[in-house]
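Residue numbers (the working numbering), protein chains in the order written: chain A, 1 to 152; chain B, 1 to 83. Beta carbons: idealized from backbone N, C-alpha and C, even for Gly.
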């Protein structure tokens, strides 16, 4: 399931909803991304996430399908926020369920690596020196590439 | 043709979206970008370094050589920074 939203989410509620009543699930993998207060030694007061409505949902659905084709998953949840966030705020939740832990943990790691470089979001940091668009990092490309061919 | 800009491409051009009618001979994204660069300093600055530009046509990732036609939605943006 894909959710692109401005509002915050409750991790406990979301994780519980994925497994309630599904006793085929033996393991759940989860990653939560948060806004940090530092970037390049500058103090960050806010981070504003812009996205491409329409394409964002398509890309995330495509990434979810890719994960489902690679691992035997019961369910996939991606919640990605947009709008103005502050340090400590949750940005993204990726959660997967499977019969076994390897599929749940590996697919979760895959999903977060892929959406770093393939989900159409752009981050604008606000600091005391002004506003600055966050540059993509080669290390994020490398992290996505190690999972193999680009199907999106 | 619907044009969409995101990230610093939007900031430099000064708008996030516009509707334009490029000349009929513009048949791919690369020539569209060259045409846009003639429209002013903001476009020139945003689209100067093509290695930093990513392209989506009708909300699908593609590249500068992608063909385009009149009714397409073309988006130009920097590398994505999700997650």
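Between the segment 81 to 91 of chain A and the segment 13 to 23 of chain A, do three or more beta carbon pairs fall short of 8 Å?
Counting Cβ pairs under 8 Å, fewer than three are found: no touch.
Go ahead and label residue 107/A buried or exposed: buried means 16 or more other beta carbons lie within 10 angstroms of its beta carbon, across all protein chains shown.
Looking at its Cβ environment, which holds 16 or more other Cβ atoms inside 10 Å, residue 107/A is buried.
Residues in the same chain with beta-carbon distance under 8 Å from residue 47/B, minus the five sequence neighbours each way, listed in chain order, please.
Cβ neighbours of residue 47/B beyond the five flanking positions: 9, 33, 36, 37, 53 and 76.
To the nearest angstrom, report how far apart residue 5/A and residue 82/A are at their CA atoms.
The alpha-carbon atoms of residue 5/A and residue 82/A are separated by roughly 6 Å.
Between residue 59/B and chain A, is any beta-carbon pair separated by less than 7 Å?
Chain A, which has a Cβ nearer than 7 Å to the Cβ of residue 59/B, makes this yes.
Mind reading off the beta-carbon distance from residue 76/A to residue 96/A? Whole number of angstroms is fine, and I expect it under 8 Å.
With 8 Å as the limit, residue 76/A and residue 96/A qualify as a contact, their Cβ atoms being about 5 Å apart.
On the CB-based measure, 16 or more other CB atoms within 10 Å of its CB, does residue 7/B come out buried or exposed?
Buried.
Please report how far the alpha carbon of residue 47/A lies from the alpha carbon of residue 115/A, in whole angstroms.
Computed Cα separation, rounded: 18 Å.
My understanding is that residue 60/A touches residue 67/A, with C-beta atoms under 8 Å, so please give their C-beta distance in whole angstroms.
Contact doesn't hold; Cβ gap of about 11 Å is too wide.
Can residue 91/B and residue 72/B be called in contact, C-beta distance under 7 Å?
In the structure displayed, chain B extends from 1 to 83; residue 91/B sits before or after that span and is not available.
For residue 66/A, verify whether its CB is less than 6 Å away from any heavy atom of the ligand FAD.
The ligand FAD is absent from the structure shown, which contains no ligand whatsoever.
For the segment 60 to 91 of chain A, list every residue whose C-beta sits within 8 Å of some C-beta in chain B, in sequence order.
Cβ contacts with chain B: 80 and 91.
Would DSSP call residue 93/A helix, strand or coil?
In the structure shown, residue 93/A sits in a strand (DSSP, three-state: E or B).
Buried or exposed for residue 74/B, going by 16 or more other Cβ atoms inside 10 Å?
Counting Cβ neighbours within 10 Å, residue 74/B comes out buried, since at least 16 surround it.
With 16 as the cutoff for other CB atoms within 10 Å, does residue 137/A come out buried or exposed?
Its Cβ having fewer than 16 others within 10 Å, residue 137/A is exposed.
Going by DSSP, name the residue or residues bridged to residue 48/A.
Paired residue(s): 84/A and 124/A.
Hey, how far is the Cα of residue 144/A from the Cα of residue 50/A?
So the two alpha carbons sit approximately 21 Å from each other.
Would you please verify whether the beta carbon of residue 8/B is less than 7 Å from any beta carbon of chain A?
So yes, residue 8/B belongs to the interface.
Using a Cβ cut-off of 7 Å (strictly closer), state whether residue 56/B contacts chain A.
Interface residue, yes.
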